[in-house]
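**Student:** Take a look at the following structure, please.
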Amino acid sequence: GNDLFKTDILRVHYTSYIIPGRDYAYHVPTREFKLIKESGPEHYNPSLYRAERITSKERQVPISLVYRADLHPQGLKGGPFPTLLTGYGAYGACQDPGFDSNILCLLDRGVIYAVAHVRGGGELGRDWRD
Numbered sequence: 096g097n098d099l100f101k102t103d104i105l106r107v108h109y110t111s112y113i114i115p116g117r118d119y120a121y122h123v124p125t126r127e128f129k130l131i132k133e134s135g136p137e138h139y140n141p142s143l144y145r146a147e148r149i150t151s152k153e154r155q156v157p158i159s160l161v162y163r164a165d166l167h168p169q170g171l172k173g174g175p176f177p178t179l180l181t182g183y184g185a186y187g188a189c190q191d192p193g194f195d196s197n198i199l200c201l202l203d204r205g206v207i208y209a210v211a212h213v214r215g216g217g218e219l220g221r222d223w224r225d
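See below:
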């Protein structure tokens, strides 16, 4: 057999709209995670940012929103706010949530970054898309 696959430890990579890439070692028997590596810009503080998901009223399209929490302490209440809307969904390809340091300069100026998870991307399965 291949001893390489006989292990109690899995490597897990995690990222989100506000969390830069983090690599963990997950010890299966104890269910414990150990942070191995963390990437991202110097002096970045994820607690300054929020990510949430809303749904459009008419077509029920999920939309992810990312914004600077201290500039929008009540979330979307009190808008309208400047927004950069993006999205892609075709041929089953979706736009997965992931950290992008390029949008920080917009978020720090009060812009809301929005990603429409449109039909065709596959996020909610074929039945929703069709």
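Numbering-wise (my numbering), the sequence shown opens with residue 96 and increments by one.
Idealized CB from N, CA, C, for every residue including glycine.
All values derive from a computational prediction rather than experimental measurement.
(1) DSSP has A146 in a bridge; who is on the other side?
(2) In whole angstroms, what is the alpha-carbon distance linking T110 and P192?
(3) Tell me whether V210 is buried or exposed, calling it buried when 16 or more other Cβ atoms sit within 10 Å of its Cβ.
(4) Using beta-carbon positions only, say whether Y183 and I198 come within less than 8 Å of one another.
(5) Would you grab the beta carbon distance between V206 and L180 for me? Rounded to a whole angstrom, and I think it's under 8 Å.
(6) Looking at the strands, I want to know which residues DSSP matches up with H108.
(7) According to the Cβ coordinates, are D203 and R163 closer than 8 Å?
(8) Would you say the stretch 130-139 touches the stretch 167-174, given that touching needs at least three Cβ pairs under 8 Å?
**Tutor:** Result, derived from the coordinates:
(1) For A146, which the question treats as bridged, DSSP gives the partners V161.
(2) 8 Å
(3) buried
(4) no
(5) With a Cβ gap of about 11 Å, V206 and L180 do not count as contacting.
(6) D118
(7) yes
(8) With the rule of 3 Cβ pairs closer than 8 Å, the stretch 130-139 does not count as touching the stretch 167-174.
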